[in-house]
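Asker: Protein chains in written order, with the numbering used here: chain A, 27 to 319; chain B, 8 to 326.
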Amino acid sequence: MELASYFQLLLSGITVGSIYGLTALGFTIIFNTTGIINFAQGEFVMLGGMLAVFALKGFKLGVLPSIFISVVVTTIIGAAIERITIRPVRGGAVLNLIIATIGVSIFIRGVIMFVFGKDTYGFPQFTGDIPLTFWGVAIMPQSLWVIAVTVLLLLWLFFFFKKTIFGKAMLACSHDRKASYLVGISVNKMVLASFAISALVGAIGGAILTPITLTSYDVGIMLGLKGFSACIIGGLGNPFGAAFGGIILGILESFGAGLISSAYKDAFAFFILLVLLFFRPTGLLGLSKIERV
Amino acid sequence: MSGFKKDGLSVFCFVLLLLAVPFFLTNVYYINTLTLSAIHAIIAVGLNLLMGYAGQVSLGHAAFYGIAAYTSAILTTTYGLPIPLGMVIGILLSGFIAYIIGIPTLKLKGHYLAMATLGFGVIVYIFFNETIELTGGPSGFRGVPRLALFGFTFESDLSYYYLTSLTLAFIIVLSLNLINSRIGRALKAIHTSETAAQVFGIPIAKYKLFVFVISALYAGLAGVLYVHNLSFVAPSSFGFNFSVELVTMVVLGGMARIWGSVIGAFFLTILPEFLRFFENIEIMLYGAILIVFIIFMPEGIAGSIVKIFAAWRARKSDV
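1) Decide if the segment 53-60 of chain B is in contact with the segment 190-202 of chain B; the criterion is three or more beta carbon pairs, one per stretch, under 8 Å apart.
2) Specify the secondary structure class of leucine 228 of chain B as computed by DSSP and reduced to three states.
3) Give me the subset of the segment 264-294 of chain B whose CB atoms are less than 9 Å from a CB atom of chain A, sorted by chain position.
4) Who are the near neighbours of valine 99 of chain A in its chain, counting only those whose CB is closer than 7 Å to its CB and skipping five residues on each side?
5) Closer than 9 Å, Cβ to any Cβ of chain B: which residues of the segment 118-129 of chain A, in chain order?
6) Residues of chain A with CB closer than 8 Å to the CB of alanine 27 of chain B, please, in chain order.
7) Quick one: list the residues of chain A neighbouring phenylalanine 247 of chain B, beta-carbon separation under 7 Å, in chain order.
8) Going by the beta-carbon positions, is the gap between glycine 260 of chain A and phenylalanine 57 of chain A smaller than 7 Å?
9) Cα-Cα, which of B:Thr42, B:Thr142, B:Phe31 is closest to proline 242 of chain B?
10) Using a beta-carbon distance cut-off of less than 9 Å, what residues from the segment 136-153 of chain A approach chain B?
11) Excluding sequence positions up to five away, which residues of its chain have a Cβ less than 8 Å from the Cβ of serine 146 of chain B?
12) Which residue or residues does DSSP assign as beta-bridge partners of phenylalanine 160 of chain A?
13) When DSSP builds the beta bridges, which residues end up paired with valine 240 of chain B?
14) Spell out a yes or no on whether the segment 67-84 of chain A and the segment 125-141 of chain A are touching, meaning 3 or more CB-CB pairs, one atom from each, closer than 8 Å.
15) Got a sec: is the Cβ-Cβ distance from methionine 122 of chain B to anything in chain A below 7 Å?
16) Mark alanine 27 of chain B as exposed unless 16 or more other C-beta atoms lie within 10 angstroms of its C-beta, in which case mark it buried.
17) Note down, in chain order, every chain B residue with its Cβ under 9 Å from the Cβ of glycine 115 of chain A.
18) Kindly say whether threonine 100 of chain A, judged by its beta-carbon, lies nearer than 7 Å to any beta-carbon of chain B.
19) Could you tell me the distance, in whole angstroms, from the CA atom of alanine 126 of chain A to the CA atom of alanine 105 of chain A?
20) Where does the unbroken alpha helix (DSSP H) through lysine 252 of chain A begin, and where does it stop?
21) With DSSP as the reference, identify every bridge partner of tyrosine 147 of chain A, one or two as the case may be.
22) May I ask you to list, following chain order, the residues of the segment 267-290 of chain A that have a beta carbon less than 8 Å from some beta carbon of chain B?
23) Using C-beta distances below 6 Å, list every residue in its chain close to valine 64 of chain B, excluding the 5 sequence neighbours before and after it, in chain order.
24) Indicate whether alanine 226 of chain B and tryptophan 266 of chain B have their beta-carbon atoms separated by less than 7 Å.
25) Name the chain B residues that come within less than 7 Å of alanine 293 of chain A, Cβ to Cβ?
26) Does any CB atom of chain B fall closer than 7 Å to the CB of lysine 303 of chain A?
27) Taking all protein chains shown into account, do 16 or more other C-beta atoms lie within 10 angstroms of the C-beta of asparagine 64 of chain A, making it buried, or fewer, making it exposed?
28) Are the beta-carbon atoms belonging to alanine 229 of chain A and valine 97 of chain A less than 7 Å from one another?
29) Would you give the residue range spanned by the alpha helix (DSSP H) that isoleucine 45 of chain A belongs to?
30) Mind checking whether the beta-carbon of phenylalanine 85 of chain A lies closer than 6 Å to any heavy atom of the ligand FAD?
31) For alanine 263 of chain B, does the three-state DSSP call read helix, strand or coil?
32) Hey, isoleucine 49 of chain B and leucine 183 of chain B are a contact pair by Cβ (cut 8 Å); roughly how many whole angstroms apart?
33) Let's test the definition: count the other Cβ atoms within 10 Å of the Cβ of methionine 8 of chain B and tell me whether it reaches 16, buried, or not, exposed.
34) Checking contacts by CB at 7 Å: is glutamate 137 of chain B closer than that to chain A?
35) Check whether the Cβ atoms of leucine 297 of chain B and threonine 255 of chain B sit closer than 7 Å, and answer yes or no.
36) Got a sec: which bits of the segment 26-60 of chain B sit with their beta carbon under 7 Å from any beta carbon on chain A, in order along the chain?
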């Protein structure tokens, strides 16, 4: 195989990996503030894509307004999920929380299937679909969009958690909920915000990826699973690890599909997940603390 | 009345009820639906041991059901193995794979098992679809022999109904005994407080793994019963939706209540027969049931029945 083809695989891996990274980041934000693994995380990504398609086709809006609306609506849905289904069972058994988020996840999937059917939908690329060629490597403009938006989003989150008082309060919750409560931080508000921000990040990821991979009501399962695998690769609870894990997973998957077999493309994430849990549950970077029993 | 006698009596009544049903319901279609309900109930009871007693959830139980079904189907049809041998190998394979997945995930605190089984279920589903030479791919695997044990072939639907009903009754007795044993008490201790249980010297990870493997074996048993009844399997029966349906059966019936899972399984298997548009709202409905029951009725149908019964008794004794 030519060198250019390797670059091609690497580039498509980084593109899709960016979205896995954003999904993983969504998991991390909720996990850090609440200790919950949100099984509906993949659904946020699906909603970001499906609602954008719906706004574009149903209301004949432009590309940007459609994405804006879908992201806003998904963020509101994220907040509503916390308020309606998570808050009543918070503090209960972990199992009940997990089941509540699973319930939410399949409910959302069911509603979208009922409304839009089982069809696969596409979304136009933001700036045309003529590939740019550099030294024999063809780059879709949308890939650049995905990578650029992901980097901007990461920078914004970094700024938010390090420099704003609200972000710092959320970080405080992740370190010690009780202590944060005692110094006057409204834990309820922070948990609500963590769901909203997770939904926002997921929805943006879904909207920018849809022009490349298409979308349908059931893409959330796979995206959620891969986002979680990315979390484990980077070490659960570590936001930079999550983004890093996403990129690594995207690249591995892209090479796996290109060099081994594309039929089992989706199986790689799972094998990586299981092998890491077996040998290195703290992630490749080894930064997270994992409790063993 | 002691717990053991009470359990024995309820199982006895349940068996009588199941055996009596065909005298009232003569339609073969209804009998087949009940057979399927009993098969689902076997998986749900096992899943409930995992959810209600070990506090873990599996989102890939459809895969264990499917692995046993396909294994037995392929071994007996393609390779001509005797049916009982194919069934045993199928069930054991499901249990063995659960063991492999359970070791790394159940050692960690938290819900790694849920995500790992979710991934596992998806992969197995892909595998069933892609290995066309082995499994027949998306269009399914045909010509599986009907069950024959000790020279008797379960040719009629009625005989198969009796077989699955009695198997279910046996599984219920087994599970009730398990809960009332040393293992069951250890699991209850883990459920109440993992730290306290650990202090008492209960090996938490080992017990969780044990229950997970048991639940996979139950699913495997259901799988081989399913395949040698229908004589046909297709991947669509073992997808993610079915795994979720199984979890819904347990939550609907009531976690940590064996009879609840039986109620949940029969209810959710029979319900589609009455709802014409079920296919369109199926997923939405499961989601809604999970959310509403976890928030408002975490004890499920069985728990509520017990509560109402207890309140009624208390009122009666007041008078």
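Quick reminder that beta carbons are idealized off the backbone N, C-alpha and C, glycines included.
Computed from a prediction, not measured in an experiment: that's the story for all the values here.
Answerer: Straight from the coordinates:
1) yes
2) In the second sequence, the residue the question calls residue 228 of chain B occupies position 221. Reduced to three states, the DSSP call for leucine 228 of chain B is helix.
3) Asn287, Ile288, Glu289, Ile290, Met291, Leu292, Tyr293, Gly294
4) Here residue 99 of chain A refers to the residue found at position 73 of the first sequence. So the qualifying residues of the chain are Leu77.
5) Gly118, Ala119, Val120, Leu121, Asn122, Leu123, Ile124, Ile125, Ala126, Ile128, Gly129
6) Position 20 of the second sequence, counted from the first residue, corresponds to residue 27 of chain B. Chain A residues near alanine 27 of chain B: none, gap ~35 Å exceeds 8 Å.
7) Within the second sequence, numbered from 1, the residue matching residue 247 of chain B stands at position 240. The answer, in chain order, is Ile247.
8) Here the question's residue 260 of chain A lines up with position 234 in the first sequence. Here the question's residue 57 of chain A lines up with position 31 in the first sequence. For glycine 260 of chain A and phenylalanine 57 of chain A, no; Cβs fall outside 7 Å.
9) Taking the first residue of the second sequence as position 1, residue 242 of chain B is located at position 235. Among B:Thr42, B:Thr142, B:Phe31, the Cα nearest to that of proline 242 of chain B belongs to B:Thr142.
10) Gly136, Val137, Met139, Phe140
11) Looking up residue 146 of chain B in the second sequence gives position 139. Around serine 146 of chain B: Ala241.
12) In the first sequence, counting from the first residue as 1, residue 160 of chain A sits at position 134. In the DSSP output, where bridge partners are listed per residue, phenylalanine 160 of chain A has A:Val163.
13) Along the second sequence, read from residue 1 onward, the residue named residue 240 of chain B stands at position 233. In the DSSP output, where bridge partners are listed per residue, valine 240 of chain B has B:Phe148.
14) yes
15) Here residue 122 of chain B refers to the residue found at position 115 of the second sequence. Methionine 122 of chain B counts as touching chain A.
16) Start at 1 with the first residue of the second sequence, and residue 27 of chain B comes out as number 20. Flag for alanine 27 of chain B reads exposed.
17) The sequence position of residue 115 of chain A within the first sequence is 89, counting from 1. Checking the sequence, you will find valine at residue 115 of chain A rather than glycine. In chain order: Ile301, Ile302, Pro305.
18) By 1-based counting over the first sequence, the position of residue 100 of chain A is 74. Chain B, which has no Cβ nearer than 7 Å to the Cβ of threonine 100 of chain A, makes this no.
19) Numbered from 1 along the first sequence, position 100 holds the residue referred to as residue 126 of chain A. Numbered from 1 along the first sequence, position 79 holds the residue referred to as residue 105 of chain A. Cα-Cα distance, rounded: 15 Å.
20) Counted from its first residue, the first sequence places residue 252 of chain A at position 226. 245-260 is the extent of the alpha helix (DSSP H) around lysine 252 of chain A.
21) Position 121 of the first sequence, counted from the start, is the residue given in the question as residue 147 of chain A. Its beta-bridge partners are A:Thr241.
22) Ala289, Tyr290
23) Position 57 of the second sequence holds residue 64 of chain B. Met58, Ala121.
24) Stepping through the second sequence from its first residue, residue 226 of chain B is reached at position 219. Stepping through the second sequence from its first residue, residue 266 of chain B is reached at position 259. No, the pair does not count as a contact, with Cβ atoms beyond the cut-off.
25) Sequence index remark: in the first sequence, residue 293 of chain A carries index 267 (1-based). Simply Ile130, Ile133.
26) Position 277 of the first sequence holds residue 303 of chain A. The sequence shown places leucine at residue 303 of chain A, not lysine. So, interface residue.
27) What you label residue 64 of chain A is simply residue 38 of the first sequence in a count that begins at 1. Buried, since its Cβ has 16 or more Cβ neighbours within 10 Å.
28) In the first sequence, residue 229 of chain A corresponds to position 203, counting from 1. In the first sequence, residue 97 of chain A corresponds to position 71, counting from 1. Yes, they are a contact pair.
29) If you number the first sequence from 1, residue 45 of chain A lands on position 19. Its alpha helix (DSSP H) spans residues 29-60.
30) In the structure on display, the ligand FAD does not appear, and there are no ligands present to speak of.
31) As a first step, residue 263 of chain B must be located in the second sequence, where it is residue number 256. Residue state, collapsed to three classes: coil.
32) Numbered from its first residue, the second sequence carries residue 49 of chain B at position 42. Numbered from its first residue, the second sequence carries residue 183 of chain B at position 176. Going by Cβ atoms, the distance from isoleucine 49 of chain B to leucine 183 of chain B rounds to 14 Å, so no, they are not a contact pair.
33) Translated into positions along the second sequence, residue 8 of chain B becomes position 1. Annotation note: pLDDT 44 at methionine 8 of chain B (below 50); position unreliable, coordinate value reported separately. The residue in question, methionine 8 of chain B, is exposed, as its Cβ has fewer than 16 Cβ neighbours within 10 Å.
34) Residue mapping note: residue 137 of chain B aligns to position 130 of the second sequence, counting from 1. It does: the Cβ of glutamate 137 of chain B has a partner Cβ on chain A nearer than 7 Å.
35) Locating residue 297 of chain B in the second sequence gives position 290, where the first residue counts as 1. Locating residue 255 of chain B in the second sequence gives position 248, where the first residue counts as 1. Yes, Cβ-Cβ distance for leucine 297 of chain B and threonine 255 of chain B is below 7 Å.
36) Met58
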